[in-house]
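To start, the structure itself, in structure tokens.
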Amino acid sequence: MSSNKSETRTTNDESRIKRPSWDEYFLSIAKLVATRSTCMRRQVGAVIVKEKQVLATGYNGAPSGLTHCDQVGCLREELGIPSGERHELCRALHAEQNAFLQAAKHGISLGGSILYITTQPCSICAKMLINTGINKVVIEGTYPDKMALDFLKEAEIELVVMKK
Numbered sequence: 012m013s014s015n016k017s018e019t020r021t022t023n024d025e026s027r028i029k030r031p032s033w034d035e036y037f038l039s040i041a042k043l044v045a046t047r048s049t050c051m052r053r054q055v056g057a058v059i060v061k062e063k064q065v066l067a068t069g070y071n072g073a074p075s076g077l078t079h080c081d082q083v084g085c086l087r088e089e090l091g092i093p094s095g096e097r098h099e100l101c102r103a104l105h106a107e108q109n110a111f112l113q114a115a116k117h118g119i120s121l122g123g124s125i126l127y128i129t130t131q132p133c134s135i136c137a138k139m140l141i142n143t144g145i146n147k148v149v150i151e152g153t154y155p156d157k158m159a160l161d162f163l164k165e166a167e168i169e170l171v172v173m174k175k
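Residue numbers (the numbering used here): 12 to 175.
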């Protein structure tokens with residue numbers, strides 16, 4: 012089980028090195044992945060890890076080969092759709108969806124893995140991650156979707172909320 016606290020270790024020369032916990036480490040990678048996002052509203056990054064090895068990454072953006080939102084504009088903004096509603100009215104896939112699809116494309120099973128994501132999953136992504144066999148989710152940011160939290164709780168998926 013990952014610790015949420017940073018580790019300090021002593022080297023042979025007795026100097027102290029502060030290391031991030033595994034959860035901090037992989038969440039920082041998710042933050043870097045988020046910088047690839049082309050969403051005009053929210054940049055989200057996801058990393059799926061098993062046995063401390065990265066299996067897949069994803070960020071929110073249009074499917075491969077389609078024009079990105081930052082080039083054609085945001086339909087959700089134009090229509091005034093609040094965050095957490097009407098997910099189907101968007102060009103983009105969510106970060107965790109892209110990570111699931113990347114794993115599937117390369118034949119990687121996600122059973123028993125951990126999802127690190129910069130923002131809480133929505134209810135659609137929560138249902139998908141339940142069926143992938145992911146058993147732990149580590150997030151930093153919240154999202155206005157209580158149903159997603161209810162799904163994760165009912166599925167007995169561990170949810171860890173890291174402080175910014």
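Beta carbons: idealized from backbone N, C-alpha and C, even for Gly.
For A115, the enclosing alpha helix (DSSP H) starts and ends at 106–116.
The beta carbon of G122 is closer than 6 Å to those of G144 in its chain, skipping five residues each way along the sequence.
Straight-line measurement puts the Cα of G84 at about 24 Å from the Cα of Q131. In this structure, T46 lies away from C80, with their beta-carbon atoms at least 7 Å apart. Minimum Cα-Cα distance from V58 among the listed residues C133, D34, S134 corresponds to D34. Non-local C-beta neighbours of K42 in its own chain, meaning closer than 7 Å and more than five positions away in sequence, comprise G56, T129, ordered along the chain.
Taking a contact as a CB-CB distance under 8 Å, the pair A166 and C133 does not count as one, their CB atoms being some 15 Å apart. Residue pairing from DSSP places K61 in a beta bridge opposite Q64. I150 carries a strand assignment under DSSP once its states are collapsed to helix, strand and coil.
By the Cβ test, the segment 57–76 is in contact with the segment 109–123, since at least three Cβ pairs between them sit closer than 8 Å. Secondary structure note for V171: its beta strand (DSSP E) is the uninterrupted segment 169–172.
In this structure, DSSP gives L77 a state outside helix and strand, which the three-state scheme calls coil.
DSSP links G69 through a beta bridge to A57.
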